[in-house]
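Number of protein chains: 2
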Amino acid sequence: MEQQEFQTLLSFFKVLANESRLKILGILANRECSVEELAAILKLKEPTISHHLAKLKELNLVNMRPDGNTHLYQLNTEALQDISKEIFTPDKMASLVGDVEGEAWENKVLKNYIEGDGAPRRPEGERNFSASSIRIKEIPASRKKRLVILKWLANQFEVGINYPELQVNEIIKHYHPDCATWRRELIGSQLMHRENGVYWRLPKV
Amino acid sequence: MEQQEFQTLLSFFKVLANESRLKILGILANRECSVEELAAILKLKEPTISHHLAKLKELNLVNMRPDGNTHLYQLNTEALQDISKEIFTPDKMASLVGDVEGEAWENKVLKNYIEGDGAPRRPEGERNFSASSIRIKEIPASRKKRLVILKWLANQFEVGINYPELQVNEIIKHYHPDCATWRRELIGSQLMHRENGVYWRLPKV
DNA sequence: ATTCTAATTAGATACACATCTAATTAGAAT
DNA sequence: ATTCTAATTAGATGTGTATCTAATTAGAAT
Numbered sequence: 024m025e026q027q028e029f030q031t032l033l034s035f036f037k038v039l040a041n042e043s044r045l046k047i048l049g050i051l052a053n054r055e056c057s058v059e060e061l062a063a064i065l066k067l068k069e070p071t072i073s074h075h076l077a078k079l080k081e082l083n084l085v086n087m088r089p090d091g092n093t094h095l096y097q098l099n100t101e102a103l104q105d106i107s108k109e110i111f112t113p114d115k116m117a118s119l120v121g122d123v124e125g126e127a128w129e130n131k132v133l134k135n136y137i138e139g140d141g142a143p144r145r146p147e148g149e150r151n152f153s154a155s156s157i158r159i160k161e162i163p164a165s166r167k168k169r170l171v172i173l174k175w176l177a178n179q180f181e182v183g184i185n186y187p188e189l190q191v192n193e194i195i196k197h198y199h200p201d202c203a204t205w206r207r208e209l210i211g212s213q214l215m216h217r218e219n220g221v222y223w224r225l226p227k228v
Numbered sequence: 024m025e026q027q028e029f030q031t032l033l034s035f036f037k038v039l040a041n042e043s044r045l046k047i048l049g050i051l052a053n054r055e056c057s058v059e060e061l062a063a064i065l066k067l068k069e070p071t072i073s074h075h076l077a078k079l080k081e082l083n084l085v086n087m088r089p090d091g092n093t094h095l096y097q098l099n100t101e102a103l104q105d106i107s108k109e110i111f112t113p114d115k116m117a118s119l120v121g122d123v124e125g126e127a128w129e130n131k132v133l134k135n136y137i138e139g140d141g142a143p144r145r146p147e148g149e150r151n152f153s154a155s156s157i158r159i160k161e162i163p164a165s166r167k168k169r170l171v172i173l174k175w176l177a178n179q180f181e182v183g184i185n186y187p188e189l190q191v192n193e194i195i196k197h198y199h200p201d202c203a204t205w206r207r208e209l210i211g212s213q214l215m216h217r218e219n220g221v222y223w224r225l226p227k228v
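As they're listed, the protein sequences go chains B and F. Mind the numbering: the first sequence is residues 24 to 228 in the working numbering, read in order. Mind the numbering: the second sequence is residues 24 to 228 in the working numbering, read in order.
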């Protein structure tokens, strides 16, 4: 339904994104015209006009009224207004795009920096078992990407459990040798907290 | 100026008549994004996104905010609304097309059915002189086209003068042998009037 | 200073589509 | 019935443009 609306909007723009068709609409806004007349006005051949009118009619932007042999086309005023009113508040635009998209970039980062069996497939799942062969390939240089990995790493710890520093190091080492850096970053990024040498993960990530 | 506005409107539609760009706007309506993120979300390469963003920025539909190395793009909400409000009433559309167009088709008909020196060049001018070599090639079959020729023919008579039938025939014969048909049609189309065997042209054409 | 990262620009390719000519259809006029 | 007219459909051609890869720029991080 969102998708449907998006496609409708898109085809609407596609139809109007053409000089000849836009002019046709402008002319028809003044008075109804035959194909031949439009061809003369726009200095195009009849088949071309027919082609454009067909596209405009698909979207109900014009109506046709046969008169003898000639087809008189007229602007469908309501259709134009409907579209212009309904659409185009930014909220509307925002609602047009599915919200699955938020994870796409983070998934890409995970895929780039974490190698092994299941890592990218469960970024928010339970912690992976120690026996698995998942490894962090390297430490991302950019803050934003490092944060993505950190969030994943924090997820390897369970909420509500207090870990002594030794165990924290051990768990991190399953994924990357430089446990000191990661441990420091986990604290700095506020994804985990420390007090009296004991570490715990915050409930909300 | 009208022309200017028309071109603006056209390029606006052209920019929005693209699936990727429309999606970009939808995403940016939710939150600002970097080029890389958009590329990941839409599964396109960065240069492609850059290309699209450039086009969107040309029309001020998006703004850019540099943050370190990354460029964060955000939707220009006002611009969107401005365009959607301002345009799109049918009157607006009607005003976009120049009004020279009305004569185009009639000129074409005149050119098709009248041969000779100056005919198509002065459809509304003074009457042509008898000595000229202007001729109506044939009588158009279709009502509408016949009316165009009739209007031109009526213009060969001066307003405010009473012509006896003999003179009417004579004048018509300068352009076409079948003066009876034309004379009858001039009356039938109300372009000229007759009373007691005297003809005169009506002031308003 | 040098290296790396994100973005942009340049250049190439491929697909979409606007327009044309030719052929066909539907309907009027004779 | 036949001929003519206006419109549409079919098919061909050329232009525009979305997308890609490769090269370049601008800026951060080391």
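C-beta: ideal position from N, C-alpha, C; glycine also.
Practice task
For E161 of chain B, verify whether its CB is less than 6 Å away from any heavy atom of the ligand FAD.
Solution key: For the structure depicted, the ligand FAD is absent and the ligand set is empty, with no information on it obtainable.
Exercise for the section: For chain F, find out if any of its Cβ atoms is closer than 7 Å to the Cβ of M87 of chain B; answer yes or no. Expected result: no
Exercise for the section: Work out the CA separation of L98 of chain F and E55 of chain F for me, nearest whole Å. Expected result: 7 Å
Problem - Residues that P187 of chain F bridges to, as DSSP identifies them - result: F:V221
Exercise for the section: With 7 Å as the threshold, decide whether the Cβ of W128 of chain B is near any Cβ in chain F. Expected result: yes
Exercise for the section: Mark L214 of chain B as exposed unless 16 or more other C-beta atoms lie within 10 angstroms of its C-beta, in which case mark it buried. Expected result: buried
Exercise for the section: Along the beta strand (DSSP E) that carries H94 of chain B, what are the first and last residues, could you check? Expected result: 93 to 98
Handout entry: Extent of the continuous beta strand (DSSP E) run through R88 of chain F
Key = 85 to 90
Exercise for the section: Count the other C-beta atoms from every protein chain shown that fall within 10 angstroms of the C-beta of K66 of chain B, then say buried if there are 16 or more, exposed otherwise. Expected result: exposed
Handout entry: Cβ-based burial, H216 of chain B [other Cβ within 10 Å; buried from 16]
Key = exposed
Handout entry: Against chain B: residues of the segment 50 to 81 of chain F by CB proximity under 9 Å
Key = I50, L51, A52, N53, R54, C56, S57, E59, E60, L61, A62, A63, I64, L65, K66
Handout entry: CB contact below 7 Å: M116 of chain B versus chain F
Key = yes
Practice task
Could you say which of B:K168, B:E59, B:V58, B:V85 lies nearest to F35 of chain B if we only look at CA atoms?
Solution key: B:V85
Problem - Extent of the continuous alpha helix (DSSP H) to which H74 of chain F belongs - result: 69 to 81
Problem - Residues near L209 of chain F in its chain [Cβ-Cβ closer than 7 Å; skip 5 each side] - result: L173, L176, A177, M215
Problem - Alpha carbon of V191 of chain B to alpha carbon of Y222 of chain B, nearest angstrom - result: 8 Å
Exercise for the section: For the alpha helix (DSSP H) containing N53 of chain B, list its first residue and its last residue. Expected result: 42 to 53
Problem - Pair within 7 Å by beta-carbon distance, S57 of chain F and T93 of chain F - result: yes
Exercise for the section: Indicate the three-state DSSP secondary structure (helix, strand or coil) for E181 of chain B in the structure shown. Expected result: coil
Problem - Own chain partners of W168 of chain F with C-beta closer than 6 Å, once the 5 adjacent residues on each side are dropped - result: The amino acid occupying residue 168 of chain F in the given sequence is Lys; Trp does not appear at that position. Result list for K168 of chain F: V132, in chain order.
Problem - 7 Å Cβ cutoff met for P163 of chain F and Y186 of chain F - result: no
Practice task
Keeping to the same chain, check which residues put their C-beta closer than 7 Å to that of L170 of chain F; ignore five residues upstream and five downstream.
Solution key: S212
Exercise for the section: With DSSP as the reference, label S19 of chain F as helix, strand or coil. Expected result: There is no way to answer for residue 19 of chain F, as the model of chain F reaches only from 24 to 228.
Practice task
Indicate the three-state DSSP secondary structure (helix, strand or coil) for E161 of chain F in the structure shown.
Solution key: coil
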